[in-house]
Amino acid sequence: MSANRYSNTDLQIPRSALFWLLGSNVAALSPHSQHLPLWMWGLALFVLIWRGLTHLGRLSYPNRWAKAVAVVAASAAVIVAFDKTFTLESAAAFLIAACLLKLLEMRSRRDGYVVIFLGYFLLGTGFLFDQGLLTGLYGILTVWLLTSALVALHQNSFTRDAGSVRRSRRAAKLAAGILLMSLPLMLVLYLLFPRLAPLWSIALQSGKAKTGLSAEMAPGDIAELSQSDELAFRVSFSDGQIPARDQLYWRALILDNYDGRRWQPSGVTSEVQWYPQSWQPPAQAEGLIRYDIIQESTGEKWLFALRGVSAQEERTGMTMDDRLVARRPLHERKRYQALSWPSVSISEDGLAGLEQRQNLQLPRERNPQALAWAQQRLAEAGDDAAYINGLLRYFREQDFYYTLKPPVMGSEEIDDFLFNQRRGFCAHYAGALVFLARAAGIPARVVSGYQGGEWNATDGYLTVRQYDAHAWTEVWLSGQGWIRVDPTAAVAPQRIEFGLERAVAEEGTFLQDNLLSPHRFKGVSWLNQLRLQMDSLNYYWQLWVLSYDGKRQKSFLNGWLGLEDYKQGLYVLGGSFGGFFLLASLIVWWRQRPAPLSPFMRSWQRLQDKGRKLGIEPQPGETAANYLQRLAQHCPQQKSLLLWLATEINRLLYQPPPDPRSAQQQQRQLIRSLAKIRRQLRAG
Amino acid sequence: MTTPIQRALEQLSAVILGKEEQLKLALSCLLARGHLLIEDLPGMGKTTLSHALAGVLGLKYNRIQFTSDLLPADILGVSIFEREAGSDVGRFRFHPGPVFTQLLLADEINRATPKAQSALLEAMEEGQVTVEGETRPLPLPFFVIATQNPVSQSGTFPLPESQLDRFLMRIQLGYPNEKAERELLEGRDRRTMASNLQAMLSTQELAQLQKQVNNVQASASVLDYVQRIIAFTRYEGGYQYGLSPRGALALLRSAKAWALVDGNRQHLLPEDIQAVLPAVVDHRLAEAADGGAHSVSQRILNSVPVLV
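Line order of the protein sequences matches chains L and Y.
Residue numbers for the first sequence follow the numbering used here, so the first one is 1 and each next one is one higher.
Residue numbers for the second sequence follow the numbering used here, so the first one is 1 and each next one is one higher.
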């Protein structure tokens, strides 16, 4: 084999680089572990072992047929595993399979490049699934590994350090240096690069069902949701106005249509007024609450808000039934502001015909026992308010239980719940109360959302998780309008005051299906402390890093840099790039700048300049004595002086006295003589 | 007052006419404890030079004519079974080869096979000879002058670069100038003159002088110059490879010896470096340069600045 068989781009991968290539790619793959089918890990292991054995010389590279079979088999496996659906997960799995197979076949440096750039890309796709703080830190680590692999790929036998360990260390160090140097550029890009709507929020959607509220409610749904400790949203309140915990009813959906089994939104009141045309509370109103929410993606349009909400931002609006909604479904995390006036009266002057009808709607043929009972109670109570209060008192005083494991109800669900089982979760109570109110001719509706949350006092924000999901009711009383009534508060006041965990403590069903959740261990104080601190770090990560979107970028450009539009922002971006490169080249130049001349050399060069004028051009390889001799031939008057100078220079440069001080003194004298001779010098 | 070196040079100049430069280089090479390679046509006075050098310095002198059938034993020596007088009992006795001398002339070294060449080169490097498991030191000083014929290369084994590196200097004698030629034609037989030379130095004095070479001072400025030269051969000059650290040391050592021989100086001048540069560097970088051996040092001399 001739030495020229490999062209420059076709060089072999250095042996010490293989470790980096494999390691960094495994690191880039790992964040995908949650949504990959198990066999992919088998494939990864197989590829790594094969590649390792190839490295050791035990196995050869796969031949063309083996590769073709592997590609076809892996593609087929991906298609089958994801049931032919094109989702984010299946696309990622396909990419990962391709990347793994590339690892197996890589042998030239060019393949190394492909593998490394695939690694960067894989890491990027990982952020489509999770953007938490830890994932971010892990991403930085992986970028470092991948960059080290890139450096290691360029090490060859002429690299200074011998031995793969030292070489690897050197690669890692160099990569870290490169990343540190590019940090300012990363920051500038983060701040200034136009924030385009992300690709994945439009077309490619995750096939994984999201945990969260659903648009319709069957009695068991919320109990199921309460087994999840996933983050729903975080709230911070401005102006220090923090409502009491029992006022924290985060409204998301109005369920006003009952078919005898499920509660659904009817849509009669979901007409939206968009900001800024929407309703605003009077500025001097008492008890206004302004807050800032970072909501995890739900895939739905609804936002979370307290009662009496008013939209405060572009692309948000409010419905007729006092809910906050977004223009587009939330496929990514959204940060928004809202203003609430909880004490506002809503529709106190009466309901429109359609709304009135919808909120009294009942399947009349179902639950006859409850219907009859309601008529009877109403007659006893006399007026609507007393009737509702009577119902709450009934729930409180009779032996109703609040449980996460409600029994299965019979076909007449509400009858069975009210008169036989008497055990249920918030959805049962809310459903029953609305049923009884409607049966008595009082407009009522189920509201679903979240209640409460965990207050982080040190950093001042509220974390609401899926297990805070709740359903309650609103009833319309003439003169008062829509008011909130929460039957759960009557049955299990701890749920409202302290949260779900306390409410079901006796039952022991809190996060029963989620054994490892850190929220189960709130009793262990250091663990809880750790969890809270981690949570607040994540909160700041979301607040300052992840929620920096187009809108915030615009206000940043405007407020901090005084820029009007993206165009100017792009100019600044380009300018800062140019600036960085200029700075870098200045630093490089500064490091390699020629050393400043010694005073002797300066005066010597001046003498040479004078000599040049007299026609004696100094040659580069000429010694001082030689040049002075030539000069002396040209200027006979100064001959003796010049020859003396030659010996003096030789003495100073090549026979310096051991004592540095007298050397300096000699040098000063010599410089003076040089200047003097220069002035006297003229052609003979 | 004339120094022993000057007296020796005078004597040599009387024998080898008009070649003071080469004589000084040869003497410097000897003082720097290096070996000398003379590359020239036959009849240019190579043998006379080595003869005269041995005579002036009072060294024991041997000559080996290298031929293609020369064997290592012909150089190093051989053990021969000797019977004691009158009996059948006897023992092996080592008969030292011509290498056991102080000044060895290896004539036409490129005529011998690599096997014989390397026997000599090893002796040059080690200063000792190992024959039949026994290591014997060579006398001190041990100085090899090898000659090579640059033309008529057929049937020769040219020394590879790695072995050329063993020679501290390589010089050419060249034709004498007109005046020297005339004097040569008029004068006596040079060989006889060479063999009749008086020793100007004792072995101890020679060792003393060799020691003195090490004590020649090299100031920072001159070392800077040396380093610039080395860097030029390695990175800038466009050579395939540059001067090795051994080559750099050779350059410095030769220049120091030159300073002693040329001006009896105890310090180094850039002129000393420039004087020995062709002899030290040309044969080391001959293969690395494109334009032939003799341009190597000339380019360095022309382009590397002495003062920066």
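The beta carbon of each residue, even a glycine, is placed where N, CA and C say it ideally should be.
Between the alpha carbons of S266(L) and M320(L) lies a gap of roughly 13 Å. For the region 273-304 of chain Y, the residues whose beta carbon sits under 8 Å from a beta carbon of chain L are, in order, Q274, I300, L301, N302, S303 and V304.
The Cβ of S28(Y) sits no closer than 8 Å to any Cβ of chain L. If you draw a straight line from the Cα of I289(L) to the Cα of E501(L), it comes to about 27 Å. No Cβ of chain L is located within less than 8 Å of the beta carbon of H51(Y). Contact check for I171(Y) against L277(Y) fails: the beta carbons are separated by 8 Å or more.
For the region 289-377 of chain L, the full-length beta strand (DSSP E) segments reaching 3 residues or more read 289-295, 309-311, 316-319, 324-326 and 334-340 along the chain. Distance from the CA atom of T458(L) to the CA atom of R377(L), rounded to whole angstroms, is 49 Å. Secondary structure of F233(L) (DSSP, three-state): strand.
Runs of the alpha helix (DSSP H) lying entirely within the region 421-478 of chain L, each at least 4 residues long, are 426-439 in chain order.
At a Cβ-Cβ threshold of 8 Å, I483(L) and A489(L) do not count as neighbours.
Remark: C-beta atoms of Q155(L) and R166(L) do not approach each other more closely than 8 Å. Between R228(Y) and V304(Y) a beta carbon distance of about 5 Å is seen, short of the 8 Å cut, so the two are scored as contacting.
Within the region 635-656 of chain L, the residues whose Cβ lies closer than 7 Å to some Cβ of chain Y are N650, L653, Y654, Q655 and P656, listed in chain order. Setting aside the 5 residues that flank it on each side, P137(Y) is surrounded in the same chain by Q128, each with a C-beta closer than 6 Å to its C-beta; the list follows chain order.
P443(L) is positioned such that its CB atom lies no closer than 8 Å to that of L573(L). If you look at L253(L), you'll find it isn't in any alpha helix (DSSP H); it sits in the beta strand (DSSP E) that goes Y249 to L255. Under the DSSP assignment, L101(L) falls outside any beta strand (DSSP E), being part of the alpha helix (DSSP H) whose first and last residues are L88 to E105. With a beta-carbon spacing of about 18 Å, T101(Y) and R191(Y) fall beyond the 8 Å limit used to define contacts. Flagged as an interface residue toward chain Y: P620(L), by a C-beta distance shorter than 8 Å. Looking at the DSSP output, N62(Y) shares a beta bridge with L104(Y).
When the Cα atoms are used, E271(Y) and E122(Y) turn out to be separated by approximately 33 Å.
Scanning chain Y for C-beta atoms nearer than 9 Å to the C-beta of A625(L) yields L269, P270 and E271, reported in chain order. H35(L): not part of any alpha helix (DSSP H); DSSP gives it neither H nor E. Interface flag for W39(L) against chain Y is unset, since no Cβ pair is found closer than 8 Å. For V216(Y), not one C-beta of chain L is nearer than 8 Å to its own C-beta.
In this structure, V213(Y) lies near A32(Y), with their beta-carbon atoms less than 8 Å apart. By a beta-carbon distance limit of 8 Å, G237(Y) does not contact R284(Y). Their separation comes to about 13 Å.
Exclusion of the five residues before and after R253(Y) leaves A32 as the residues of its chain whose Cβ lies within less than 6 Å of its Cβ.
For L138(Y), the closest Cβ of chain L is not nearer than 8 Å. A direct Cα-to-Cα measurement between M186(L) and S547(L) gives close to 17 Å.
In this structure, DSSP gives Y548(L) a state outside helix and strand, which the three-state scheme calls coil. In the DSSP assignment, W65(L) falls within the alpha helix (DSSP H) that extends over R64 to A81. The criterion of a C-beta distance shorter than 8 Å is not satisfied by A430(L) and A492(L). The beta carbons of M318(L) and R262(L) sit about 26 Å from each other, so the pair does not count as a contact at 8 Å. Inclusion of H267(Y) and V216(Y) in the CB contact set at 8 Å is warranted, their separation being smaller than that value.
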